[in-house]
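In the working numbering, the protein residues as written are 232 to 615. Beta carbons: idealized from backbone N, C-alpha and C, even for Gly. Note that the coordinates shown come from a computational prediction; the quantities given were computed from them, not determined experimentally.
Set out below in structure tokens:
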């Protein structure tokens, strides 16, 4: 590259699939932002329902078996990705998950183009750290995006990555979708009717995958300590086949006599409407969340957010200002936080609601995330 002459990035984002989830949503959001800014970009994955979203914004998707962890298939994927890179003039490959990152890394190296990664989670290290080598590919980017300070600290502590190649870009909320003004009365009524949600009780919502580390069991234990309080709790999300844990949760509800106060709702495709009917929104992780999108989605909707004092929640929820943090391993602490929220006077609720919305608008919007990511692409393409 001649000195002073800037190159334009042409991006290929690579991930396992495009069905649903935070990584997938972020990929589509970045693709849309690149398209709006006139930056040519592509996505490669095993496919899924969100390919439709790429088609709508005219971003080309390449379908490859990128969910595989088979070493031979990883190599075959790298050959296919190399061909895609060369045929489309791609100069930055952005990997967002470990297995496809190996294929993307080899392909980028052979094609002589820049390689970028986003470190989305802490990833299990395995017994005696045996998974570290497999995970380490996420540090092979010439620049590496960390989605929270929690993740940045994890990377530097476990992988000896140079801090000067990490770029901190928090995850975001799409405030065009997660805004009280964006949810029609019809959607609110539908959410209430379809899920038989009472309109005369405070609604507590925990939205996210039904899996032990998300802490649904901790919530039920906390609710059992509030038996004399009026409330209705929604546990929303798919168990993705974890039927034993779901059965355990339902047995716990029965054990504590909470059948009339707790409702399980499977995967919902109108989360903003469910948030609108909620008074209190929870993030009850018992292991550190990489970022914790549920907490900022609740804040964007102006709801009272209660989150465990772990991981990304420490960065996105301001204790006593935009919500309340509680000791993650203590059901009584969660019960006390719920009691606090249920007792809040109207004026205090309004104050917290306004602070929560401002927190999101100042720090966690889609626009901020996309602008910072595009800046990283431009920085990387013009690095020697």
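Comparing C-alpha distances from residue 291 to each of 499, 258 and 575 shows the shortest one belongs to 258.
Pairing residue 432 with residue 467 gives a Cβ-Cβ distance that is not under 8 Å. Pairing residue 436 with residue 520, the inter-Cα distance amounts to about 18 Å. Residue environment: residue 318 is assigned as exposed (fewer than 16 neighbouring CB atoms within 10 Å of its CB, all protein chains considered).
As a beta-bridge residue in DSSP terms, residue 495 pairs with 466. Per DSSP, residue 329 is one residue of the alpha helix (DSSP H) stretching across 329–342. For residue 584, the enclosing alpha helix (DSSP H) has its first and last residue at 577–594. The beta carbon of residue 531 sits closer than 7 Å to the beta carbons of 404, 406, 409, 410, 588 and 591 from its chain, once the five residues preceding and following it are set aside; these are given in chain order. At a cut-off of 3 residues, the continuous stretches assigned as beta strand (DSSP E) that sit fully inside the stretch 244–277 are 272–276. The beta-carbon separation of residue 571 and residue 516, rounded to 19 Å, does not stay under the 8 Å limit for a contact.
Under DSSP, no beta-bridge partner is assigned to residue 418.
Rounded to the nearest angstrom, the gap between the Cα atoms of residue 507 and residue 237 is 46 Å. With distances taken between CA atoms, residue 535 lies nearest to 577 out of 541, 577 and 440. Contact between residue 537 and residue 523 is ruled out by a C-beta separation of about 12 Å, above the 8 Å threshold. By the CB criterion at 8 Å, residue 415 and residue 401 fall outside the cutoff.
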